[in-house]
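Chains A and B supply the protein sequences, listed in that same order.
Going by the numbering used here, the residue at position 108 of the first sequence is 108; the numbering climbs one at a time, nothing skipped.
Take any residue in the second sequence, count from 1 to its spot, add 1000: that is its number in the numbering used here.
Where a beta carbon is used, it is the ideal one built from N, C-alpha and C, also for glycine.
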Amino acid sequence: MVDEHDHICWGGGHHHHGGHTLAVHGLSASYGDIEALRELSFSAACGRTLALIGPNGAGKSTLLNLLAGLIRPSSGQILWNNAPLHLTRHEIAFMPQRSEVDWQFPITVRELVEMGRYPAVGLWKSLRHHDRDIVDKALHALNLTELQDRQIGALSGGQQQRAFLARALAQEAHILLLDEPFTGLDVPGTESLAELLRALAAEGRLVIASHHDLSTAAHIFDYTLLLNRQSIAYGPTARVLTEENLLTAFGKRNITTTA
Amino acid sequence: MNEFLQFLGEPIAQRSLWACAVIGFANGFVSALVVLRRSSLQIGTISCALLPGIALAILLFGLVQMSIIIGAVLAGLMVGLGSLFISRTGKADHDTALSILHTTAFALGYIILIRLGLQQKVDDWLFGNIMSMGNADLWIAWSIGAIAVLSITVLQRPLLIYLFDPRAAAAMGIPARAFSYGIFALIILVLVSSLQAVGAFLTLGLLVAPAATMYLLTDRASLMFWGGGLIGALGSVLAFFLSYPLGWHLGATIILVLGIIFLLAWVFSPKYGLLRHRR
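The structure is reproduced here in structure tokens:
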């Protein structure tokens, strides 16, 4: 774990005091009459890997969507370095669930990674030398240089995940939002993605992922937000995933593993 | 042959040839959107709903040029929004609702058009009649084609991100909802432009086949727009030169040629063709 006031922060020379902190205050959201999240508050500094854990319908996706700016909260605030997060959209990268992606889409790995430059480059400007450098580095960092001209469907599952992470790197995003990234990965795949996420966090990013496998959570994520429409517990994963907390979040029946 | 050359000298033939090229290009260009979004079936139901849309518009506003455009918008709204409404408020799923709604609308439109005494016109709207296109129609086709090429080219970068990964696009600040309405509007416009050429039944082929062919040939989404446009235009022009000597219906020939081009790509595409392993 990295101390909030003493970490090396990756990310294009952003100067900051006291660490980059994501602070959520009293966040609520609802779909029509249905309240999806109530009065959620927590704060997380970059350098962490944070798991969102809770039963189906607990509001994990809602929280990711709120953080990504895809939906608006009915009340509450999301602050990044004390300023509203939506003012710094480029700081957030979103990685969809594997099952949501059209893997036949005619796009190469490199083109996918280049998409990450859109917030910086905009509509018109062509990619400059600087942008191509960043894309090259992102591809290299995730070991995709050799595969950059492949169509994304021609990659293995792990390579596909890495291609999306490379896009997040190319975006130079500080906050990585991942929707169930470990779903469908085998044990070695899980291990290498976990390592990767830890490395990305260690470089000063804040990695936030929804996660459903209680047995692997403590191994992968250093922090956990346990939720069920509201915050049940928040803190270091091992301290959050206690039997008592899990009972509160999931009810009796669903607990098969404890951390 | 001489007769054909003589025919080519006629203004009506030149107009038709231009119409083939322009409409083929515009449809081919926009077909990339339909293929990348995997929404061919939905567009198919909307194109079939053009007929009842037009019937309603004629009933309301009389037989004027504008009726076709208004009718197309009506059709899109009727079927597009109607099926969403039915599937959200009842037990039937979206596909079921779409199928029932567009056939019902089609039946109603057919009855209205026959009752209005427009039997002659019905055939043209169903299967197209390029030879009946006047200069004004050609201008409309030009403008719609220009709008399509311009807007897609200008917005290509965010558009591709949106088509591939709508949630990440929205997270990057790309207005996803506006894009989805914009795409819908553009498709309706292009349907209108091709209605006179190939008719409500066949227009789906023109709006899917060109980019579907490119889809088998390339791994670059950006190539699907211009490539689709090129295939659409060349296929339509080729059909024009085939249809007169053979005495075939032009609209139907266009769709036939594009279908054959697609089948050729399906078999012979170097990367994804059926024969790729045999070489």
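Check: To the nearest angstrom, how far is it from the Cα of Leu1163 of chain B to the Cα of Leu1101 of chain B?; Outcome: 27 Å
Check: In chain B, what lies closer than 9 Å to Ile232 of chain A by C-beta?; Outcome: Going along chain B, no residue has its Cβ under 9 Å from Ile232 of chain A, so there is no contact; the nearest lies around 26 Å.
Check: Apply the 10 Å Cβ neighbour rule to Gly26 of chain A and answer buried if 16 or more other Cβ atoms are within range, or exposed otherwise.; Outcome: exposed
Check: Please list the residues of the segment 1215-1228 of chain B that have a C-beta atom closer than 7 Å to any C-beta atom in chain A, keeping them in chain order.; Outcome: Tyr1215, Thr1218, Asp1219, Arg1220, Ala1221, Met1224
Check: For Thr216 of chain A, is the classification buried or exposed, using 16 other Cβ atoms within 10 angstroms of its Cβ as the cut-off for buried?; Outcome: buried
Check: Within 10 angstroms of its Cβ, does His174 of chain A collect 16 or more other Cβ (buried), or is it exposed?; Outcome: buried
Check: Please report the straight-line C-alpha distance between Lys137 of chain A and Leu196 of chain A, rounded to a whole angstrom.; Outcome: 15 Å
Check: Cα separation between Phe250 of chain A and Ile1068 of chain B?; Outcome: 57 Å
Check: Below 8 Å, how does it come out for the segment 1105-1114 of chain B and the segment 1150-1170 of chain B: are there three or more Cβ pairs, yes or no?; Outcome: no
Check: Out of curiosity, what's the CA-to-CA distance linking Gln77 of chain A and Arg38 of chain A?; Outcome: 12 Å
Check: List, in order along the chain, the chain B residues whose C-beta lies closer than 8 Å to that of Leu123 of chain A?; Outcome: Val1154, Leu1155, Arg1157, Pro1158
Check: What are the residues of the segment 96-110 of chain A that lie near chain B, defined by any Cβ-Cβ distance shorter than 8 Å?; Outcome: Pro96, Glu100, Val101, Asp102, Phe105, Pro106, Ile107, Thr108
Check: Roughly how many angstroms separate the alpha carbons of Ile1231 of chain B and Phe1029 of chain B, rounded to a whole number?; Outcome: 9 Å
Check: Would a check of beta-carbon distances place Arg1088 of chain B closer than 7 Å to chain A?; Outcome: no
Check: Give every residue of the same chain whose Cβ lies closer than 7 Å to the Cβ of Asp213 of chain A, excluding the five residues on either side of it in the sequence, and list them in chain order.; Outcome: Phe182
Check: Please state if the CB of Leu1189 of chain B and the CB of Ile1144 of chain B are separated by a distance shorter than 7 Å.; Outcome: yes
Check: Considering only C-alpha positions, which residue in the set B:Ala1049, B:Asp1137, B:Asn1129 is nearest to Leu1081 of chain B?; Outcome: B:Ala1049
Check: Return helix, strand or coil for Gly13 of chain A, following the three-state DSSP convention.; Outcome: Its pLDDT being 44, under 50, Gly13 of chain A is placed unreliably by the model, and nothing is read from it.
Check: How is Thr224 of chain A classed by DSSP in three states: helix, strand or coil?; Outcome: strand
Check: By the criterion of Cβ-Cβ separation under 8 Å, what are the contact partners of Gly69 of chain A in chain B?; Outcome: Ala1170, Ala1171, Gly1173
Check: For Arg198 of chain A and Tyr1215 of chain B, I'd like the C-alpha separation in whole angstroms.; Outcome: 38 Å
Check: Do Leu274 of chain A and Ala44 of chain A have their C-beta atoms closer together than 7 Å?; Outcome: With chain A running from 1 to 259 in the structure shown, residue 274 of chain A is simply not present.
Check: Does Gln151 of chain A have its Cβ less than 7 Å from a Cβ in chain B?; Outcome: yes
Check: For the alpha helix (DSSP H) holding Gly1235 of chain B, just list the boundary residues, first then last.; Outcome: 1221-1246
Check: At a cut of 8 Å, does the segment 1109-1124 of chain B reach the segment 1040-1059 of chain B through at least three beta carbon pairs?; Outcome: yes
Check: Can you pull the chain A neighbours of Arg994 of chain B, defined as C-beta to C-beta under 9 Å?; Outcome: This structure does not reach residue 994 of chain B, given that chain B is present from 1001 up to 1279, and the question cannot be answered.
Check: Look at the alpha carbon of Gly158 of chain A and the alpha carbon of Ala68 of chain A, and state the distance between them as a whole number of angstroms.; Outcome: 24 Å
Check: Output, in chain order, the set of chain A residues within a Cβ distance shorter than 8 Å of Ile1161 of chain B.; Outcome: Met115, Tyr118
Check: Are there three or more Cβ pairs, one per stretch, closer than 8 Å when the segment 77-96 of chain A is compared with the segment 1198-1205 of chain B?; Outcome: no
Check: Short of 7 Å in beta carbon distance, which residues of its chain neighbour Thr257 of chain A, apart from the five on each side in sequence? Order them along the chain.; Outcome: A caution first: Thr257 of chain A carries a pLDDT of 49, below 50, which makes its placement in the model unreliable, though a value can still be read off. Leu214, Ser215.
Check: Sorted by chain position, which residues of the same chain lie with C-beta nearer than 6 Å to Ile1183 of chain B's C-beta, five sequence neighbours on each side aside?; Outcome: Leu1033
Check: Could you pull the start and end residues of the alpha helix (DSSP H) that Trp1139 of chain B belongs to?; Outcome: 1135-1154
Check: Based on Cα-Cα distance, which residue from A:Asp222, A:Ser75, A:Leu142, A:Ser28 lies nearest to Gly47 of chain A?; Outcome: A:Asp222
Check: Check whether the Cβ atoms of Asn1027 of chain B and Ser1194 of chain B sit closer than 7 Å, and answer yes or no.; Outcome: yes
Check: What residue does the alpha helix (DSSP H) around His25 of chain A start on, and which one ends it?; Outcome: Per DSSP, His25 of chain A belongs to no alpha helix (DSSP H); it is in the beta strand (DSSP E), 21-31.
Check: Taking C-beta pairs closer than 9 Å, name the residues in chain A that Leu1036 of chain B reaches, listed in chain order.; Outcome: Asp102, Phe105, Pro106
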